[in-house]
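Enquirer: After the structure tokens below, expect a handful of questions from me.
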Amino acid sequence: MQKKRLPASYSLSKYGKREVNQDSRLLDLPPELRNSIYTYVLATDDVIQIPESGKPTRPPLLQVCQQITDEATLLYYSCSKFSISAGKRLKILRRWILSLEEKERKCLRAVTVTRDVSEKTAVMVAGFATAMLEPRIWDQQAAVLDIIRQQEFEDEHTSNQTFMALSVLGLNPARVHFDPPPGPGPHALIDQAITLQGEKRNEILARCVERLLNDHWVVSMRETKEDMLSGDHESSLRLICDDIAWLRGDGYTDREIFRLYTPLSREGKE
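Below you can see the structure in the form of structure tokens.
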């Protein structure tokens, strides 16, 4: 079958294997003026929400032509603020960060990371909240609580592994901020629950337990970040970075390197 011939003014973008027109009147302007235009268009206070796919839509300016994409992409990441609900074991954050080139990861300005408990944990929490006021089945609920704790421990452990692996692949931990999800905190939820009865009360209690779990996860991730920035791990991180440079030179992709350093984060385990 004959291959499709493209005009000389087209190329394939590394961002999506799509045709990108190389012609733009912007390229007729001096580089200094182009940079001023890029800054004016891209430098906003808007927070960019990363979708669950980990593939956000880039601004129209970065879709004009390949040369403008090459010139303005680093500026886009260095002047933008991003927010992401990271998913179980940071899998959505991982998808997004590994879709970027290392130079793009390194210049990220600010990334706010939140997390909600997994769907499986949420179902167990809902059942636990419904039965927690029934003394006759407390032993049964204690067993459920142990399972929830174990799941959360595994999530925290793998999230920490993932965060550290992404940091040695170019993500600056100082630019990442871990926050609880939006909404009322545990104390406010308890105050609501004591004024309610039946299903409404159980629903609020479940939200309270989920919030407590999420808050605990945030504390764990912030502690990991502080440890990484404290300097205590500098020598070991340098050794890992040397290993990564060697692996890249040997032809390994960053996704393959990530899997070498985070065996528990494979898709099949999530």
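Going by the UniProt record's numbering, the first residue of the sequence shown is number 1, and it counts up by one from there.
Backbone N, C-alpha and C fix where the C-beta goes; we use that ideal spot for every residue, glycine too.
(1) Would you mind sorting Leu260 into buried or exposed? The rule is 16 or more other CB atoms within 10 Å of its CB.
(2) Which partner residues of Ser159 appear in the DSSP bridge assignment?
(3) Here's the rule I'm using: 16 or more other beta-carbon atoms within 10 Å means buried, otherwise exposed. How should Thr69 be labelled?
(4) Whole angstroms are fine: how far does the CA of Met124 sit from the CA of Ile97?
(5) Tell me whether Asp155 is buried or exposed, calling it buried when 16 or more other Cβ atoms sit within 10 Å of its Cβ.
(6) Report the rounded CA-to-CA distance for Ala129 versus Phe153, giving the unit in angstroms.
(7) Taking C-alpha atoms, which residue in Leu42, Ile84 and Asp28 lies nearest to Ser53?
(8) Leaving out five residues before and five after Asp179 in sequence, what residues of the same chain have Cβ atoms less than 8 Å from its Cβ?
(9) Would a C-beta distance cut-off of 8 Å place Asn214 and Pro181 closer than the cut-off?
(10) Quick one: give me the first and last residue of the beta strand (DSSP E) that Lys81 is part of.
(11) Which runs of the alpha helix (DSSP H), 4 residues or longer, sit entirely within the stretch 23-69?
(12) Under 8 Å, do Leu212 and Pro186 count as touching if we go by C-beta distance?
(13) Which of helix, strand or coil does DSSP assign to Val117?
(14) According to the Cβ coordinates, are Leu42 and Leu29 closer than 8 Å?
(15) How many whole angstroms separate the CB atoms of Tyr76 and Pro59, which I take to be in contact at a CB cut-off of 8 Å?
(16) Please report how far the alpha carbon of Glu256 lies from the alpha carbon of Cys241, in whole angstroms.
(17) Going by DSSP in three states, Thr112 sits in which element: helix, strand or coil?
(18) Please list the terminal residues of the continuous alpha helix (DSSP H) segment that includes Asp179.
(19) State the DSSP-derived secondary structure class of Leu171, mapped to helix, strand or coil.
(20) Name the residue from Asp139, Thr121, Asn160 and Ala126 whose alpha carbon lies nearest to the alpha carbon of Arg149.
(21) How far does the alpha helix (DSSP H) with Ser99 in it reach, from first residue to last?
(22) Which value, in whole angstroms, describes the spacing of the CA atoms of Asn35 and Glu71?
(23) Grouping DSSP H, G and I as helix and E and B as strand, with all else coil, what is Thr73?
(24) I need the straight-line Cα distance from Ala110 to Ile147, nearest angstrom please.
(25) Going straight from the alpha carbon of Lys91 to that of Asn160, what length do you get?
(26) If you reduce the DSSP assignment to three classes, tell me which class Leu196 lands in.
Expert: With the structure as the only source:
(1) Within the sequence shown, the letter at position 260 stands for residue 260. Classification for Leu260: exposed.
(2) Start at 1 with the first residue of the sequence shown, and residue 159 comes out as number 159. Note: Ser159 sits in no beta bridge, so no partner.
(3) For this step, residue 69 is matched to residue 69 along the sequence shown. With 16 or more Cβ atoms within 10 Å of its Cβ, Thr69 is classed as buried.
(4) Position 97 of the sequence shown, counting from 1, holds the residue named residue 97. Position 124 of the sequence shown, counting from 1, holds the residue named residue 124. Looking at the two C-alpha atoms, the distance is approximately 31 Å.
(5) Numbered from its first residue, the sequence shown carries residue 155 at position 155. It is buried - the Cβ of Asp155 has at least 16 other Cβ atoms within 10 Å.
(6) On the sequence shown, position 129 is the one that residue 129 refers to. On the sequence shown, position 153 is the one that residue 153 refers to. Rounded to whole angstroms, Ala129 to Phe153 spans 20 Å at the Cα level.
(7) Stepping through the sequence shown from its first residue, residue 53 is reached at position 53. Nearest in C-alpha terms to Ser53, of all of Leu42, Ile84 and Asp28, is Ile84.
(8) Mapped onto the sequence shown, residue 179 falls at position 179. So the qualifying residues of the chain are Thr112, Val113, Thr114 and Val218.
(9) Within the sequence shown, numbered from 1, the residue matching residue 214 stands at position 214. Within the sequence shown, numbered from 1, the residue matching residue 181 stands at position 181. Here Asn214 is near Pro181, since their CB atoms are less than 8 Å apart.
(10) Residue 81 sits at position 81 when you count from the first residue of the sequence shown. Element bounds for Lys81: Lys81 to Ser85.
(11) 31-42
(12) Within the sequence shown, numbered from 1, the residue matching residue 212 stands at position 212. Within the sequence shown, numbered from 1, the residue matching residue 186 stands at position 186. Cβ distance < 8 Å, so Leu212 and Pro186 count as in contact.
(13) As a working note, residue 117 is residue 117 in the sequence shown. Coil.
(14) Looking up residue 42 in the sequence shown gives position 42. Looking up residue 29 in the sequence shown gives position 29. Leu29 sits away from Leu42, with the two beta carbons spaced by 8 Å or more.
(15) Your numbering for residue 76 matches position 76 in the sequence shown. Your numbering for residue 59 matches position 59 in the sequence shown. Right, the Cβ-Cβ distance comes to about 7 Å (below 8 Å), so this counts as a contact.
(16) Within the sequence shown, residue 256 is the residue found at index 256, counting from 1. Within the sequence shown, residue 241 is the residue found at index 241, counting from 1. Roughly 15 Å separates the two Cα atoms.
(17) Here residue 112 refers to the residue found at position 112 when the sequence shown is read from its first residue. Strand.
(18) Position 179 of the sequence shown, counted from the first residue, corresponds to residue 179. Segment: none, Asp179 is in no alpha helix (DSSP H) and carries neither H nor E.
(19) Counting from one through the sequence shown, the residue named residue 171 turns up at place 171. Leu171: coil per DSSP, three-state reduction.
(20) Counting from one through the sequence shown, the residue named residue 149 turns up at place 149. Among Asp139, Thr121, Asn160 and Ala126, the Cα nearest to that of Arg149 belongs to Thr121.
(21) The residue you call residue 99 lines up with position 99 of the sequence shown. Its alpha helix (DSSP H) spans residues Lys91 to Ser99.
(22) Taking the sequence shown and counting its residues from 1, the one referred to as residue 35 is at position 35. Taking the sequence shown and counting its residues from 1, the one referred to as residue 71 is at position 71. Using only the alpha carbons, I get a separation of about 8 Å.
(23) In the sequence shown, the residue the question calls residue 73 occupies position 73. In the structure shown, Thr73 sits in a helix (DSSP, three-state: H, G or I).
(24) Counting from 1 along the sequence shown, the entry for residue 110 is found at position 110. Counting from 1 along the sequence shown, the entry for residue 147 is found at position 147. Those two C-alpha atoms are separated by around 35 Å.
(25) Position 91 of the sequence shown, counted from the first residue, corresponds to residue 91. Position 160 of the sequence shown, counted from the first residue, corresponds to residue 160. Their backbone Cα atoms lie some 12 Å apart in a straight line.
(26) Numbered from its first residue, the sequence shown carries residue 196 at position 196. Three-state DSSP puts Leu196 in coil, outside helix and strand.
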